[in-house]
Amino acid sequence: MGTIAASVILNRASQTLIDETGGTWSPSEMLGHLNAGISATVSHKPDTSTLTEYVTLVAGPVQYLPAAGTQFLDALANGEGKVVFVKPRNDIDHADPEWYSATPTANFRHVMVDNRDPRRFLVHPPATAGAELLCCYAVAPTRLTAPTDIFPLPDIYESALHAWVVGYALAKTSKRGDMVRAQVWLSQWANSLGVHAQVQQMITPMPPEETPTSINTAGAL
(Lines of atoms letter the chains of each structure in order from A and count residues from 1; the text may use other names and numbers.)
(Lines give C-alpha, C1' and ligand atoms only; values in the text may rest on other atoms or scores of the structure.)
Protein backbone atom coordinates (compact mmCIF):
# COMPACT_ATOMS: atom_id res chain seq x y z
CA MET A 1 0.00 0.00 0.00
CA GLY A 2 1.25 3.44 -0.90
CA THR A 3 0.91 6.75 0.92
CA ILE A 4 -0.18 9.03 -1.92
CA ALA A 5 -3.70 9.57 -3.23
CA ALA A 6 -4.59 8.37 -6.70
CA SER A 7 -5.19 12.02 -7.60
CA VAL A 8 -1.42 12.65 -7.45
CA ILE A 9 -0.91 10.34 -10.43
CA LEU A 10 -4.08 11.42 -12.21
CA ASN A 11 -3.31 15.14 -11.90
CA ARG A 12 0.24 14.60 -13.11
CA ALA A 13 -1.07 12.67 -16.12
CA SER A 14 -3.61 15.38 -16.92
CA GLN A 15 -0.86 18.00 -16.82
CA THR A 16 1.28 15.92 -19.17
CA LEU A 17 -1.67 15.62 -21.56
CA ILE A 18 -2.40 19.37 -21.23
CA ASP A 19 -5.92 18.50 -20.17
CA GLU A 20 -6.19 19.74 -16.59
CA THR A 21 -9.92 20.50 -17.00
CA GLY A 22 -10.79 17.00 -18.20
CA GLY A 23 -12.21 18.24 -21.48
CA THR A 24 -10.76 15.42 -23.56
CA TRP A 25 -10.31 12.69 -20.97
CA SER A 26 -12.92 12.58 -18.22
CA PRO A 27 -11.91 11.93 -14.58
CA SER A 28 -13.74 8.58 -14.60
CA GLU A 29 -11.95 7.56 -17.80
CA MET A 30 -8.56 8.44 -16.33
CA LEU A 31 -9.38 6.56 -13.12
CA GLY A 32 -10.27 3.53 -15.24
CA HIS A 33 -6.91 3.74 -17.00
CA LEU A 34 -5.16 3.87 -13.63
CA ASN A 35 -7.04 0.80 -12.37
CA ALA A 36 -6.12 -1.07 -15.55
CA GLY A 37 -2.49 -0.07 -15.11
CA ILE A 38 -2.43 -1.26 -11.51
CA SER A 39 -3.84 -4.63 -12.56
CA ALA A 40 -1.32 -4.96 -15.40
CA THR A 41 1.55 -4.02 -13.08
CA VAL A 42 0.61 -6.66 -10.51
CA SER A 43 0.09 -9.23 -13.26
CA HIS A 44 3.59 -8.69 -14.68
CA LYS A 45 5.26 -8.09 -11.31
CA PRO A 46 3.35 -9.95 -8.55
CA ASP A 47 5.70 -8.78 -5.79
CA THR A 48 4.27 -5.25 -6.07
CA SER A 49 1.25 -6.32 -3.98
CA THR A 50 1.92 -9.01 -1.37
CA LEU A 51 0.92 -10.39 2.01
CA THR A 52 3.04 -12.45 4.42
CA GLU A 53 0.87 -14.28 6.92
CA TYR A 54 -0.14 -17.66 8.31
CA VAL A 55 -2.55 -19.52 6.02
CA THR A 56 -4.80 -22.18 7.51
CA LEU A 57 -4.67 -25.43 5.57
CA VAL A 58 -7.20 -28.15 4.83
CA ALA A 59 -6.56 -31.85 5.33
CA GLY A 60 -4.38 -33.45 2.66
CA PRO A 61 -1.57 -32.49 0.30
CA VAL A 62 -3.42 -30.10 -2.01
CA GLN A 63 -3.86 -26.53 -0.76
CA TYR A 64 -5.02 -23.19 -2.15
CA LEU A 65 -4.30 -19.59 -1.28
CA PRO A 66 -7.04 -17.47 0.33
CA ALA A 67 -9.54 -15.91 -2.07
CA ALA A 68 -7.57 -12.65 -2.35
CA GLY A 69 -4.37 -14.47 -3.30
CA THR A 70 -3.29 -14.52 -6.93
CA GLN A 71 0.12 -16.25 -6.84
CA PHE A 72 2.18 -18.20 -4.31
CA LEU A 73 5.60 -16.57 -3.85
CA ASP A 74 7.45 -18.10 -0.89
CA ALA A 75 7.11 -20.48 2.07
CA LEU A 76 8.74 -19.71 5.41
CA ALA A 77 7.62 -21.99 8.24
CA ASN A 78 4.83 -24.28 9.38
CA GLY A 79 2.58 -23.60 12.35
CA GLU A 80 4.86 -25.71 14.55
CA GLY A 81 7.60 -23.11 14.10
CA LYS A 82 9.71 -25.34 11.83
CA VAL A 83 11.33 -24.02 8.68
CA VAL A 84 9.85 -25.42 5.46
CA PHE A 85 11.53 -25.69 2.07
CA VAL A 86 10.18 -25.07 -1.41
CA LYS A 87 11.04 -28.14 -3.50
CA PRO A 88 10.37 -29.27 -7.09
CA ARG A 89 7.50 -31.76 -7.05
CA ASN A 90 9.51 -34.26 -9.12
CA ASP A 91 12.12 -34.49 -6.35
CA ILE A 92 9.48 -35.48 -3.78
CA ASP A 93 7.62 -37.79 -6.17
CA HIS A 94 10.77 -39.73 -7.08
CA ALA A 95 12.01 -39.97 -3.49
CA ASP A 96 8.65 -41.01 -2.06
CA PRO A 97 6.13 -42.11 -4.74
CA GLU A 98 3.45 -42.91 -2.12
CA TRP A 99 3.69 -39.67 -0.16
CA TYR A 100 0.16 -38.55 -1.08
CA SER A 101 -1.21 -41.26 1.20
CA ALA A 102 1.21 -40.62 4.08
CA THR A 103 -0.10 -39.87 7.57
CA PRO A 104 -1.17 -36.20 7.78
CA THR A 105 0.79 -33.95 10.11
CA ALA A 106 0.95 -30.30 11.13
CA ASN A 107 4.75 -30.57 10.98
CA PHE A 108 5.09 -30.84 7.19
CA ARG A 109 8.50 -29.83 5.85
CA HIS A 110 8.18 -29.22 2.09
CA VAL A 111 6.06 -27.03 -0.17
CA MET A 112 5.68 -27.47 -3.93
CA VAL A 113 4.32 -24.85 -6.35
CA ASP A 114 3.43 -24.85 -10.03
CA ASN A 115 3.36 -21.59 -12.01
CA ARG A 116 0.74 -23.08 -14.33
CA ASP A 117 -1.69 -23.00 -11.39
CA PRO A 118 -0.29 -20.15 -9.27
CA ARG A 119 -2.94 -20.27 -6.49
CA ARG A 120 -2.42 -23.97 -5.76
CA PHE A 121 0.42 -25.50 -3.74
CA LEU A 122 1.23 -28.90 -2.22
CA VAL A 123 2.60 -29.72 1.23
CA HIS A 124 4.69 -32.79 2.10
CA PRO A 125 3.79 -34.74 4.12
CA PRO A 126 0.05 -34.05 3.78
CA ALA A 127 -1.31 -31.55 6.28
CA THR A 128 -3.83 -32.08 9.02
CA ALA A 129 -6.94 -29.90 8.94
CA GLY A 130 -6.16 -26.61 10.67
CA ALA A 131 -2.39 -26.82 10.17
CA GLU A 132 -0.76 -23.52 9.26
CA LEU A 133 1.83 -22.27 6.80
CA LEU A 134 3.62 -18.93 7.08
CA CYS A 135 3.99 -17.82 3.48
CA CYS A 136 4.21 -14.84 1.17
CA TYR A 137 1.78 -14.49 -1.71
CA ALA A 138 0.60 -11.91 -4.20
CA VAL A 139 -2.82 -10.35 -3.68
CA ALA A 140 -5.16 -8.44 -5.95
CA PRO A 141 -4.94 -4.75 -4.96
CA THR A 142 -8.00 -2.81 -3.88
CA ARG A 143 -9.72 -1.24 -6.86
CA LEU A 144 -9.80 2.56 -6.86
CA THR A 145 -13.27 4.10 -6.82
CA ALA A 146 -12.35 7.78 -6.42
CA PRO A 147 -9.28 10.01 -6.94
CA THR A 148 -9.08 10.47 -3.18
CA ASP A 149 -8.43 6.74 -2.64
CA ILE A 150 -4.91 5.79 -1.59
CA PHE A 151 -2.73 4.34 -4.34
CA PRO A 152 -2.63 0.59 -3.52
CA LEU A 153 0.96 -0.07 -4.65
CA PRO A 154 4.22 1.25 -3.14
CA ASP A 155 4.90 4.90 -3.98
CA ILE A 156 7.95 3.97 -6.08
CA TYR A 157 5.53 2.84 -8.84
CA GLU A 158 4.05 6.33 -9.21
CA SER A 159 6.08 7.15 -12.32
CA ALA A 160 5.35 3.80 -13.94
CA LEU A 161 1.60 4.24 -13.51
CA HIS A 162 1.80 7.85 -14.69
CA ALA A 163 3.34 6.56 -17.93
CA TRP A 164 0.60 3.93 -18.27
CA VAL A 165 -2.25 6.41 -17.79
CA VAL A 166 -0.76 8.85 -20.31
CA GLY A 167 -0.16 6.04 -22.81
CA TYR A 168 -3.66 4.65 -22.61
CA ALA A 169 -5.19 8.13 -22.77
CA LEU A 170 -3.28 8.83 -25.99
CA ALA A 171 -4.55 5.56 -27.47
CA LYS A 172 -8.11 6.88 -27.25
CA THR A 173 -10.04 6.72 -30.51
CA SER A 174 -10.25 10.41 -31.27
CA LYS A 175 -8.59 13.02 -33.40
CA ARG A 176 -5.99 13.44 -30.67
CA GLY A 177 -5.24 9.75 -30.44
CA ASP A 178 -1.65 9.03 -31.42
CA MET A 179 -0.53 5.42 -31.34
CA VAL A 180 3.17 6.26 -31.73
CA ARG A 181 3.17 8.47 -28.65
CA ALA A 182 1.00 5.96 -26.79
CA GLN A 183 3.54 3.21 -27.45
CA VAL A 184 6.38 5.43 -26.26
CA TRP A 185 4.67 6.02 -22.92
CA LEU A 186 3.65 2.38 -22.51
CA SER A 187 7.24 1.39 -23.25
CA GLN A 188 8.31 3.63 -20.38
CA TRP A 189 5.90 1.75 -18.12
CA ALA A 190 7.25 -1.60 -19.32
CA ASN A 191 10.88 -0.56 -19.01
CA SER A 192 10.39 0.74 -15.48
CA LEU A 193 9.10 -2.69 -14.46
CA GLY A 194 11.63 -4.65 -16.47
CA VAL A 195 8.80 -6.05 -18.57
CA HIS A 196 10.12 -7.29 -21.90
CA ALA A 197 7.02 -7.40 -24.05
CA GLN A 198 5.69 -6.11 -27.30
CA VAL A 199 3.89 -2.93 -26.29
CA GLN A 200 2.08 -2.95 -29.63
CA GLN A 201 0.20 -6.07 -28.50
CA MET A 202 -1.11 -4.36 -25.37
CA ILE A 203 -3.33 -1.86 -27.16
CA THR A 204 -5.63 -2.20 -30.15
CA PRO A 205 -4.12 -0.55 -33.23
CA MET A 206 -6.15 2.28 -34.71
CA PRO A 207 -5.88 3.55 -38.30
CA PRO A 208 -4.06 6.88 -38.60
CA GLU A 209 -6.28 9.90 -38.87
CA GLU A 210 -5.23 12.07 -41.77
CA THR A 211 -6.40 15.32 -40.25
CA PRO A 212 -4.56 18.56 -39.52
CA THR A 213 -5.11 17.95 -35.80
CA SER A 214 -3.41 14.56 -35.79
CA ILE A 215 -0.54 15.82 -37.94
CA ASN A 216 0.10 18.99 -35.94
CA THR A 217 0.09 17.25 -32.54
CA ALA A 218 2.41 14.37 -33.52
CA GLY A 219 5.35 15.74 -31.58
CA ALA A 220 3.57 17.64 -28.86
CA LEU A 221 4.40 15.24 -26.02
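Residue numbering for the sequence shown follows numbering that gives the first Met the number 0, beginning at 0 and increasing consecutively. C-beta atoms are modelled at their ideal positions from N, C-alpha and C, and glycine is treated no differently.
{"Item": "With a CB to CB cut of under 7 angstroms and the five nearest residues on each side skipped, what residues in its chain are close to Asn34?", "Value": "Arg142, Leu143"}
{"Item": "Reducing DSSP to helix, strand and coil, say where Asn89 ends up.", "Value": "helix"}
{"Item": "Once you ignore the five residues that flank Ala4 on each side, which residues in its own chain have a CB closer than 8 angstroms to its CB?", "Value": "Pro146, Thr147, Asp148, Ile149, Phe150"}
{"Item": "Going by DSSP, which residues form a beta bridge with Gly1?", "Value": "For Gly1, which the question treats as bridged, DSSP gives no partner whatsoever."}
{"Item": "Just grab the DSSP bridge partners of Asn77 for me.", "Value": "Leu132"}
{"Item": "Please go through the same chain and pick out, in chain order, the residues whose beta-carbon is closer than 6 angstroms to the beta-carbon of Ala181, but skip the five residues on each side of it.", "Value": "Gly166, Leu169, Ala170"}
{"Item": "For the beta strand (DSSP E) that contains Arg119, what are its first and last residues?", "Value": "119-126"}
{"Item": "Among all the DSSP beta bridges, which residues are the ones paired with Gln14?", "Value": "DSSP lists no partner for Gln14."}
{"Item": "Evaluate Thr47 with the Cβ neighbour count: other Cβ atoms within 10 Å of its Cβ, from every protein chain shown; 16 or more gives buried, anything less gives exposed.", "Value": "buried"}
{"Item": "Decide if Asn89 is buried, meaning its Cβ has at least 16 other Cβ atoms within 10 Å, or exposed.", "Value": "exposed"}
{"Item": "Judging by CA-CA distance, which residue of Glu97, Glu157, Val179 is the nearest neighbour of Ser191?", "Value": "Glu157"}
{"Item": "Among Val41, Phe84, Gly193, which one has its Cα closest to the Cα of Val112?", "Value": "Phe84"}
{"Item": "Taking C-beta to C-beta, are Ala162 and Trp184 nearer than 8 angstroms?", "Value": "yes"}
{"Item": "For Ser6, which of Ala137, Ala189, Ala130, Asp154 has the nearest alpha-carbon?", "Value": "Asp154"}
{"Item": "Between which residues of its own chain and Leu152 is the CB-CB distance below 7 angstroms, once the five residues before and five after are set aside?", "Value": "Gly1, Ile37, Thr40, Thr47, Ser48, Pro140"}
{"Item": "Taking Gly68 as the reference, which of Arg118, Pro103, Pro26 has the closest Cα?", "Value": "Arg118"}
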